[in-house]
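In the working numbering, the protein residues as written are 24 to 315. Glycine is no exception: its CB is placed at the ideal position from the N, C-alpha and C atoms. Scroll down for the structure; my scribbles are underneath it.
Here is the structure:
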């Protein structure tokens, strides 16, 4: 079966990703306003009536800003963990989920898995319809075994490329914020994301949408050129901070073979790329502010 997907917005100013088939769809996060979500979907020719749920990755405001109005206006169930809802400050009745069991919405199956990020209970998602699989992998402090496994199952993926290491090192941010971003519970650098792409893609991976780029510590042309040099036929697209991407479509004839790695209770950390910075251990403390 087919899947359609687009980034409605991606960055610290708001994140919202649409994934669905011809009958139903979900939004992964809703960090832009209800009105702006409607406008962008209308420009793309997407029908809000097909959206059947919002699935929430974590409680930072750039991922939840539009949820209260959007969910109320369209009577959308909000799938959110109990801890994320408690830390979000939102007054709504959520539907709890965990990594132990997929979420099923019509023909869609959403598999959550735990990730490293400085939030209460953060998750990434693999969304499937038949053999078609799209991953939403953003706000990731460091690569882990589960990210590798699910990335290798994808025909398409939203993959975080938040910062360029040199730009962050030389940039205007105070040192505590730089350390927070690169400290293992913040975001993936371009090089870390490229390492995931090179080590765990399969021949089935047709699209990668580079996501959650920092306005100050990254450059869309730079990271697009970096991935394009190694794309080997995979379409590379930068998901923008101020506009939606086109709607992309996959209709695969076969599913990728996953990389079977042991999955512990806490995600296993993959080796750092040679050019990366080693992470310092820190507690996964819940916060509601976003990383830039």
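Asked, Found
"Throw me the rounded Cβ distance for the residue 186 and residue 198 pair, which I believe falls under 8 Å.", "Between residue 198 and residue 186 the Cβ distance is about 15 Å, and since that is not below 8 Å, they are no contact."
"I think residue 147 touches residue 132, with their Cβ atoms under 8 Å apart; what is that distance to the nearest whole Å?", "At roughly 15 Å, the Cβ-Cβ gap does not stay under 8 Å, so residue 147 and residue 132 are not in contact."
"Since residue 79 is in the alpha helix (DSSP H), which residue starts that stretch and which ends it?", "No alpha helix (DSSP H) contains residue 79, which DSSP labels as neither H nor E."
"Could you tell me the boundaries of the alpha helix (DSSP H) in which residue 62 lies?", "57 to 67"
"Examine chain D for any beta-carbon lying closer than 7 Å to the beta-carbon of residue 109, and answer yes or no.", "Reference to chain D is not applicable here, since this structure consists of a single protein chain."
"Might you give, ordered along the chain, the residues of its own chain that have their beta carbon closer than 6 Å to the beta carbon of residue 188, omitting 5 neighbours on each side?", "212"
"Take residue 250 and list the residues in its own chain whose beta-carbon comes closer than 6 Å to its own, dropping the five residues that flank it on each side.", "259"
"Measure the alpha-carbon distance for residue 135 versus residue 265 and round it to whole angstroms.", "27 Å"
"Could you tell me the alpha carbon to alpha carbon distance between residue 190 and residue 88, rounded to whole angstroms?", "28 Å"
"Quick one, which of 261, 229, 253, 255 has its alpha-carbon nearest residue 26's?", "229"
"Please name the residue, chosen from 116, 181, 202, that lies closest to residue 157 on a Cα-to-Cα basis.", "181"
"Can you give, in chain order, each stretch of the beta strand (DSSP E) that sits fully within the region 103 to 137 and has at least 3 residues?", "126 to 128, 131 to 137"
"Does the region 104 to 114 come close enough to the region 52 to 64 that 3 or more CB-CB pairs lie under 8 Å?", "no"
"From this set, 220, 30, 123, which residue's C-alpha is nearest residue 63's C-alpha?", "30"
"For residue 221, which residues from the same chain have a beta carbon less than 8 Å from its beta carbon, with the 5 sequence-adjacent residues on both sides left out?", "253"
"For residue 263, I'd like the list of residues in its chain whose CB is within less than 7 Å of its CB, leaving aside the five on either flank, ordered along the chain.", "33"
"From what residue to what residue does the alpha helix (DSSP H) around residue 221 run?", "213 to 223"
"Considering only DSSP beta bridges, list what residue 84 is partnered with.", "Answer by DSSP bridge pairing: none, since residue 84 is not bridged."
"Starting from residue 202, trace the alpha helix (DSSP H) in both directions and tell me its first and last residue.", "198 to 205"
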